[in-house]
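Q: Quick note, in our numbering, the sequence shown goes up one by one and the last residue is 1624.
All C-beta atoms in this analysis are idealised placements derived from N, C-alpha and C, irrespective of residue type, glycine included.
Sharing a structure, written as structure tokens. Questions coming.
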Amino acid sequence: MRRSTDHILTSHGGNLPRPADLDALLVDAEANREAIEERLPVAVQEVIDKQIACGLDVVNDGEYVKAANMGSYSGYVQARTSGWEMLPRDTSIPPKRSGPGERDRRDFPGFYESGLWLAGAGGPVRPGFMTPGKTMQLKPNEKVCTGPLSYIGQDAIQADIDALKKGLEGKSDTDGFIAALGPLSAGAGARNAYYDNESDYMMAVAETMREEYKAITDAGLVVQLDEPEFATTWMFYPDWSVEEYRKYLEFAVEVINHALEGLPEEQVRFHMCWGSGHRPHVHDIEFRHIVDLLLKVNAQCYTFEASNPRHSHEYHVFEDVKLPDGKIICPGVVGHYTDLVEHPELVAERLVNFGKLVGMENLQGSTDCGIGSRVGHPEIVWAKLTAMAEGAALAGKRLKNA
């Protein structure tokens, strides 16, 4: 992964807006397969060019290829692995864990009763999104491990790789990354009905997902492990103490590092966030409780939420925590939590706050999370990314002159 003492490099969380015509084709992907295959290479080239035009240095395909192959943030793993099944939920068995935002739900019951919550991990919430009075219901089906896990997505990940590398041809000053679901987010929420215990199960998940990560790094690209569960598990188990949660994260780090075993650290970027759901977030785990464990993950670069109102102050943790030699942090300096476009001066201020503590060469700028499906309109996404690049240029000059 490139480092720079000349300017602060910029990237984003992964998901970007798709063209309206491609989205229309994806409504019935199987029926429109031929048209999708014709449109996709052009769309990928367009989104790469848009990122570069915004001033980004580390880009991806907007996750277009994943979407075109009937994938989603987490659902795509179902098509690329065997051993998991979606089965009718056994109501005689208690749920494995609570839902997203459970700690918040207990303190804001009226908000959740109003229908203005989102049970999933992200997505824009607008008035009328849900019927008022609708309460959280268990989904009728659940993901269950019923047999040995194995990776069968070789063709699919190769399509991701080929599309990105084709789009990057002739762009030697731009790096490419592909986001892949981390082992916690891929498997921790599913019920194990095959392996002897949870530890064996999660290590098998790690070994299965490693094949996807290795394909990406073998292609010379950066793999971004998407692991919101690193921080959001605190919500899933609302009765845990911080000490109990940290004990779980120690195991989680073992699982993640098992998944990364043998991969070049300089091609690994690790993303965590506090869940992109539009909710109060007052019970998000504080960064100071987990940053030391985060830095034990065998990645060169760590990207995390740092711009939203619950976490924008947490750059202060690096006053007490030393960034290990050779590591890079890539904090979010623009967010999906608002349609307001951040001012470049605010972006610069945020980056300078980090840069003074960790050094400009160890700093990159990013978004809090995937921004494509969470902001109200594509025009706003591109404006946010442009503001981020402009702010990073300002911050680089100030840090060099400090």
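Could you check what DSSP says for residue 1240 in three-state terms: helix, strand or coil?
A: Residue 1240 falls in the coil class under three-state DSSP.
Q: Give the secondary structure of residue 1393 by DSSP, where H, G and I count as helix, E and B as strand, and everything else as coil.
A: coil
Q: Quick one: any contact between the region 1573 to 1590 and the region 1227 to 1236, if contact means 3 or more CB pairs under 8 Å?
A: Result yes; three or more Cβ-Cβ pairs closer than 8 Å.
Q: Report back the beta-carbon spacing between residue 1489 and residue 1445 to the nearest angstrom; my notes put them in contact at under 8 Å.
A: 6 Å
Q: Please give me, in chain order, every unbroken run of the beta strand (DSSP E) with length at least 3 that falls completely inside the region 1520 to 1592.
A: The qualifying runs are 1523 to 1526, 1550 to 1556, 1586 to 1589.
Q: Buried or exposed: which applies to residue 1264, given that a residue is buried once 16 or more other Cβ atoms fall within 10 Å of its Cβ?
A: exposed
Q: How far does the beta strand (DSSP E) with residue 1496 in it extend, from its first residue to its last?
A: Looking at the DSSP string, residue 1496 is not in any beta strand (DSSP E), and its letter there is neither H nor E.
Q: With distance defined between alpha-carbon atoms, name the residue in 1552, 1481, 1304 nearest to residue 1231.
A: 1552
Q: Enumerate in chain order the residues of its own chain whose CB-to-CB distance from residue 1315 is below 8 Å, with the five nearest sequence positions on each side excluded.
A: Contacts found: 1413.
Q: Pull up the distance between the alpha-carbon of residue 1586 and that of residue 1233, whole angstroms please.
A: Taking C-alpha positions only, residue 1586 is separated from residue 1233 by approximately 8 Å.
Q: Return yes when the Cβ of residue 1510 is within less than 7 Å of the Cβ of residue 1539, no when it is not.
A: In this structure, residue 1510 lies closer than 7 Å to residue 1539 by Cβ.
Q: On the criterion of 16 or more Cβ atoms from any shown chain inside 10 Å, does residue 1372 qualify as buried, or is it exposed?
A: Exposed: under 16 other Cβ atoms inside 10 Å.
Q: Report yes or no: do the region 1315 to 1331 and the region 1449 to 1467 share at least 3 C-beta pairs separated by less than 8 Å?
A: yes
Q: Please state if the CB of residue 1366 and the CB of residue 1307 are separated by a distance shorter than 7 Å.
A: yes
Q: Work out the CA separation of residue 1252 and residue 1572 for me, nearest whole Å.
A: 44 Å
Q: Per the DSSP calculation, residue 1276 is bridged to which residue(s)?
A: Residue 1276 is not bridged to any residue.
Q: Excluding sequence positions up to five away, which residues of its chain have a Cβ less than 6 Å from the Cβ of residue 1287?
A: 1381, 1382, 1385
Q: Just grab the DSSP bridge partners of residue 1446 for me.
A: 1401, 1491
Q: Would you kindly report the start and end of the unbroken beta strand (DSSP E) that includes residue 1305?
A: 1303 to 1310
Q: Return the Cβ separation of residue 1406 and residue 1476 in integer angstroms, given the expectation that the two are a contact with Cβ distance under 8 Å.
A: No, residue 1406 and residue 1476 are not in contact; Cβ-Cβ is about 11 Å, not under 8 Å.
Q: Does DSSP classify residue 1407 as helix, strand or coil?
A: In the structure shown, residue 1407 falls within a helical segment according to DSSP collapsed to helix, strand and coil.
Q: What residue range does the beta strand (DSSP E) around residue 1197 cover?
A: Any property of residue 1197 remains undetermined from this structure, which presents the chain solely from 1223 to 1624.
Q: Compute the beta-carbon to beta-carbon distance between residue 1561 and residue 1598, rounded to the nearest angstrom, for a pair I have assumed lies under 8 Å.
A: 5 Å
Q: Excluding sequence positions up to five away, which residues of its chain have a Cβ less than 7 Å from the Cβ of residue 1527?
A: 1495, 1496, 1533, 1554, 1590, 1591
Q: Can you check which of these residues, 1423, 1492, 1363, 1426, is closest to residue 1401 by C-alpha distance?
A: 1492
Q: Consult DSSP for residue 1388 and reduce its assignment to one of helix, strand or coil.
A: helix
Q: Under the DSSP definition of a beta bridge, which residues are partnered with residue 1414?
A: 1367
Q: Using 7 Å as the threshold, is the C-beta distance between residue 1537 and residue 1576 below it?
A: Closer than 7 Å, so yes.
Q: Assuming residue 1594 and residue 1239 make a contact with CB atoms under 8 Å, what is their CB distance in whole Å?
A: 5 Å
Q: Buried or exposed, going by whether 16 or more other CB atoms sit within 10 Å of the CB of residue 1574?
A: buried
Q: Would residue 1521 and residue 1277 be called neighbours here (beta carbons separated by less than 7 Å)?
A: no
Q: Would you grab the beta carbon distance between residue 1609 and residue 1566 for me? Rounded to a whole angstrom, and I think it's under 8 Å.
A: 5 Å
Q: Quick one: what does DSSP say residue 1597 is sitting in, helix, strand or coil?
A: DSSP places residue 1597 in the coil class of the three-state scheme, outside both helix and strand.
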